Amino acid sequence: MPTLLVLFVTVPLAELFLLIEVGQVIGALPTIALCLLTAMLGAALLRQQGLQTLARARGNLDQGALPAIELLEGVALVIGGVLLLTPGLVTDGVGFVCLLPFTRLWLVRLVLARLSVRVGPSGGGGPQSPGAGDDPHVIEGEYERRDEHHR
Numbered sequence: 001m002p003t004l005l006v007l008f009v010t011v012p013l014a015e016l017f018l019l020i021e022v023g024q025v026i027g028a029l030p031t032i033a034l035c036l037l038t039a040m041l042g043a044a045l046l047r048q049q050g051l052q053t054l055a056r057a058r059g060n061l062d063q064g065a066l067p068a069i070e071l072l073e074g075v076a077l078v079i080g081g082v083l084l085l086t087p088g089l090v091t092d093g094v095g096f097v098c099l100l101p102f103t104r105l106w107l108v109r110l111v112l113a114r115l116s117v118r119v120g121p122s123g124g125g126g127p128q129s130p131g132a133g134d135d136p137h138v139i140e141g142e143y144e145r146r147d148e149h150h151r
């Protein structure tokens with residue numbers, strides 16, 4: 001929680017500082033125009049990259065493959081779009097990192113390297129199943145589906 005508090009305090013302060021500094025160099029109206037230009041450019045880039053990512057995800061699904069990378073890229077696109085619509089130059093910079101294909105893929109791979117994802121068959125799990133007992137945060141269990149019309 002302290003990390004979020006630090007972000008909510010430092011990011012707006014950094015935005016204000018940078019906007020004031022840029023405004024002193026190029027003027028107030030050009031600074032506002034720059035913010036509007038980055039928002040419009042970001043919206044166009046978001047639309048184009050979003051459609052490309054959706055097409056790749058659909059292609060993977062058609063081939064029977066899980067579009068995991070494309071789903072994470074979609075998350076990065078949403079984050080980038082939100083950041084670009086937020087007024088400020090710092091958030092615009094981070095937003096463009098999320099929207100540009102090569103930096104977005106780098107971010108996704110960085111996130112994937114930090115995640116531990118296990119995919120395997122469901123059911124029948126017990127102490128003898130592969131991977132059981134490896135992670136103390138994994139709780140083995142069973143479930144039964146009960147539909148309303150079977151009660």
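Numbering of the sequence shown is given in the UniProt record's numbering, commencing with residue 1 and proceeding in unit increments.
All C-beta atoms in this analysis are idealised placements derived from N, C-alpha and C, irrespective of residue type, glycine included.
Predicted model only: the values in this text are computed from it and were never measured.
Using the rule of at least 16 other Cβ atoms within 10 Å of the residue's Cβ for burial, across every protein chain shown, is residue i buried or exposed?
i: R146; result: exposed
i: E73; result: buried
i: E144; result: exposed
i: D62; result: exposed
i: E142; result: exposed
i: L77; result: buried
What's the C-alpha gap between residue i and residue j?
i: V9; j: R104; result: 26 Å
i: V108; j: G81; result: 16 Å
i: G23; j: P30; result: 8 Å
i: L7; j: I20; result: 20 Å
i: L66; j: T53; result: 13 Å
i: I79; j: G95; result: 7 Å
i: A68; j: F102; result: 17 Å
i: L85; j: A39; result: 6 Å
i: P2; j: V11; result: 14 Å
i: L41; j: R56; result: 23 Å
i: residue 154; j: I26; result: There is no way to answer for residue 154, as the model of the chain reaches only from 1 to 151.
i: E140; j: L115; result: 20 Å
i: W106; j: Q48; result: 19 Å
i: R58; j: D92; result: 29 Å
i: F17; j: H137; result: 43 Å
i: V75; j: G64; result: 21 Å
Just reading off the alpha helix (DSSP H) that residue i is part of, what are its end residues?
i: V111; result: P101 to R114
i: Q12; result: The sequence shown places Pro at residue 12, rather than the Gln named in the question. P2 to I26 is the extent of the alpha helix (DSSP H) around P12.
i: L66; result: Looking at the DSSP string, L66 is not in any alpha helix (DSSP H), and its letter there is neither H nor E.
Please decide whether residue i counts as near chain D, where near means a Cβ-Cβ distance under 9 Å.
i: G80; result: Looking for chain D here will not work: only one protein chain is present.
Would you check if the distance between the CB atom of residue i and the CB atom of residue j is smaller than 9 Å?
i: L46; j: L99; result: yes
i: A33; j: V90; result: no
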